[in-house]
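Colleague: Our numbering puts the first residue of the sequence shown at 396, with every later residue one more than the last. C-beta: ideal position from N, C-alpha, C; glycine also. Only a predicted model underlies this, so the values are computations on that prediction, with no experimental measurement involved. Structure below; questions to follow.
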Amino acid sequence: MSDDMATQCAPFRRKLQFEPYASIVPDRRPEVRYHPGLGRAKSAVGLTNGLTRDASGRMVSPVRGGEIYEHTADGWKLLYRVEAGSPAEELPWRVRGE
């Protein structure tokens, strides 16, 4: 992968509006979507693309990746950034036990 997720999502940040949560997924149309709850935003970014083997040979479920934002009094705050192709088992909200 030549570009990291921050670079891929950058052009879409200006489209963020006033909703509780937003997800930016560069491979989805529209790229920016708004969500009434954090769970829906996590689902949008953490959508799996089937099963594949990683470099060590174990089976993993890669996700499509993207960024999740929360609208705060100070504007939009980045909550999570997930690289496309990351294993679903390693999503930041799963690793931290959320």
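Spatial neighbours of Leu442 within its chain, please: CB distance less than 7 Å, with the 5 preceding and 5 following residues excluded, ordered by chain position.
Modeller: Val458 and Arg459
Colleague: Give the DSSP-derived three-state secondary structure of Ala417 in the structure shown.
Modeller: Note: Ala417 maps to strand in three-state DSSP.
Colleague: Taking just the CA atoms, how far does Asp449 sit from Arg484?
Modeller: Going by the sequence as given, residue 484 is Glu instead of Arg. Approximately 12 Å, taken between the alpha carbons.
Colleague: With distance defined between alpha-carbon atoms, name the residue in Arg453, Leu486, Tyr475 and Pro415 nearest to Asp469.
Modeller: Pro415
Colleague: Return helix, strand or coil for Pro482, following the three-state DSSP convention.
Modeller: strand
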